[in-house]
Amino acid sequence: MSSLPPADALPSYLDPTHLGPWGVYLQQVDRVAPYLGSLARWVETLKRPKRALIVDVPIELDNGRVAHFEGYRVQHNTSRGPGKGGVRFHQDVTLSEVMALSAWMSIKNAAVNLPFGGAKGGIRVDPRTLSQSELERMTRRYTTEIGVIIGPSKDIPAPDVNTNAQTMAWMMDTYSMNEGLTSTGVVTGKPIALGGSLGRVEATGRGVFVVGCEAARDIGFDVVGARVVVQGFGNVGGTAARLFHETGAKVIAAQDHTGTIHNEFGLDVPNLLAHVAQHGGVGGFGGAEAIDSDTFWALETEFLIPAALESQIHAGNADSVRAKVVVEGANGPTTPEADDILRDKGILVVPDVVANAGGVTVSYFEWVQDFSSFFWSEDEINHRLERIMRDAFAAVSHVAREHSVTLRTAAFIVACTRILQARQVRGLYP
Ligand code: NAD
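Quick note, the sequence shown lines up with residues 0 to 429 if you use numbering that gives the first Met the number 0.
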């Protein structure tokens, strides 16, 4: 006889003890619920994705065989506006992960006060195993399959891990062909030739720089002359390092997948960026000494910017961190245990949902520009981006002071409050 779960058992996606990213997200919501006052009545809204679509994506491979991939698009919440979030192509993508990522997009968009809900998509595939034309066929079939729930006023995908401007161009074209129109606003992160926005490439690093400066002002130290340590010297870390350098800060160490380098007098950032462009990483850069990873995390510095991977600051190295401020360029670079350790050491952590929201903010600008078919200068974009990032930091740090909580908890309080206020005034349909 088969053993069925008890009738009142929670579905696994509602169970906070269920391991995986969605379980982590549920715990985060539970931690914030006591701060939501009467809005806590609606908190269950945040614990369920509004809509989760699983699609079969069959394509004919170049060798004539038919392959099937599993794709997802999850709209976690659309109370404040259409869904917004990236599409990831990776062999480890799971529904739990996409659900959690979509929920974190709801939080990020609300924390920065963009008029979007949260969504995310993905295909469980190792894209390195596909040719360019197989990749195109897969992207187009996936777009058609999720086409019933995406749209410029419904849900707007963007690039994420292993997807890029070309992927977005294929998605835009497929959606437009299916609808019989030209819809540039259905995705963001497009090539400039197709309604992409100036400033998008640098937006996340610029946002990291702006909130870093705000944090310095908050604590009361000068950015000019301040030391900066950066993990990840790609799009986010490289841009942030360049902007700090141009302002007069000293980037004293950098780490990426090719090595870890240090110069207490400050690295020559423009030359380092050129070295990375030529050699693919910071390893082997002249004018700096190679150091080991333990030494890197323990460097005395004003700014520590993890801008590479998740879980880099963990229970094993958090205690050695000697930074005044950690600005999370990457998503989830600090584990919950490390978060507590940093808090107890009095280190200010600007959480990812605020610190790296510059990218989705300029995605929002792209969407607005596409809708109005009127495009802004890069200066205008950077100016507006800086204002949104500064306002977001101010709102979150105000709540952190009010409740004596970390900026991360404060960001969740701000975001959940905004989402649930919208939920409440909209009322329940029908
Ligand atoms: P990228 O690919 O341009 O750069 C990644 C960097 O991480 C590279 O310098 C790489 O060498 C380094 N890296 C990889 N493995 C490493 C390892 N084991 N140890 C040390 N360094 C390692 O990526 P990116 O766009 O700069 O994104 C970096 C992070 O920021 C990711 O977590 C991403 O999710 C997050 N993020 C990016 C954006 C965006 O707009 N690009 C927006 C929000 C969040």
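Ideal placement from N, C-alpha and C gives every residue a C-beta, glycine not left out.
The C-alpha of His244 is placed about 10 Å away from the C-alpha of Thr238. The beta carbon of Ile346 sits closer than 8 Å to the beta carbons of Val320, Ala322, Lys323, Val324, Val325 from its chain, once the five residues preceding and following it are set aside; these are given in chain order. Per DSSP, reduced to three states, the secondary structure at Thr257 is coil, with no helix or strand assignment. Taking C-beta separations shorter than 8 Å and ignoring five residues to either side along the sequence, the partners of Asp293 in its chain run Asn316, Ser319, following chain order. Judged by beta-carbon spacing, Ala253 lies within the 8 Å limit of Val229, meaning their Cβ atoms are closer than that value.
Rounded to whole angstroms, the separation of the alpha carbons of Gly282 and Pro57 is 41 Å. Ile53 is not a Cβ neighbour of Leu100, given a cutoff of 8 Å. Here Val275 is not near Phe302, since their CB atoms are 8 Å or more apart. Under the three-pair Cβ rule at 8 Å, the stretch 107-116 does not count as touching the stretch 181-189. Rounded to whole angstroms, Asp339 and Arg407 show a C-alpha spacing of 11 Å. Contact between Val413 and Val398 holds: CB atoms are separated by about 5 Å, below the 8 Å threshold. Under DSSP, Gln230 forms a beta bridge with Gln254, Pro305. Looking at the backbone, the Cα of Arg123 and that of Arg50 are separated by about 19 Å. Taking 8 Å as the cut-off, the beta carbon of Trp41 is found closer than this to the beta carbon of Leu419. A residue is called buried when at least 16 other Cβ atoms come within 10 angstroms of its Cβ; Ala287 meets this threshold and is buried.
Thr143 has its alpha-carbon roughly 8 Å from the corresponding atom of Asn177. Spatial neighbours of Gln90 in its own chain (CB-CB distance under 7 Å, excluding positions within 5 residues in sequence) are listed in chain order as Arg123, Val124, Asp125. Relative to the ligand NAD, the beta carbon of Thr203 is positioned inside 7 Å of a heavy atom.
The Cβ atoms of Arg241 and Gly357 do not sit closer than 8 Å to each other. Residue environment for Asn355: buried (at least 16 other C-beta atoms within 10 angstroms of its C-beta). In this structure Thr259 does not touch Val222 by the C-beta definition: roughly 24 Å separates them, more than the 8 Å allowed. Judged by beta-carbon spacing, Val367 lies beyond the 8 Å limit of Ala410, meaning their Cβ atoms are not closer than that value. Excluding residues up to 5 positions away in sequence, Thr183, Gly184, Gly194 lie with their Cβ nearer than 7 Å to the Cβ of Asp369 in the same chain.
Excluding residues up to 5 positions away in sequence, Trp41, Thr44, Ser78 lie with their Cβ nearer than 6 Å to the Cβ of Arg422 in the same chain.
Where Pro158 is concerned, the enclosing beta strand (DSSP E) starts and stops at 154-158.
For Pro20, the uninterrupted alpha helix (DSSP H) segment begins and ends at 20-31. The three-state secondary structure of Ala297, taken from DSSP, is coil. Secondary structure of Arg422 (DSSP, three-state): helix.
Gln277 has its Cβ no nearer than 7 Å to any heavy atom of the ligand NAD. Taking a 10 Å sphere around the C-beta of Ala393, we find fewer than 16 other C-beta atoms and assign the residue as exposed. Listed in chain order, the non-local C-beta contacts of Arg389 below 7 Å within the same chain comprise Val209, Glu213, local neighbours out to five positions each way being set aside.
Proximity of the beta carbon of Gln165 to the ligand NAD is not indicated: no heavy atom of the ligand is located closer than 7 Å. Straight-line measurement puts the Cα of Ala337 at about 5 Å from the Cα of His313.
Arg199 is the residue among Arg199, Thr128, Gln165 whose C-alpha sits nearest the C-alpha of Tyr363. Taking the Cα positions, Gly265 is about 26 Å away from Glu385.
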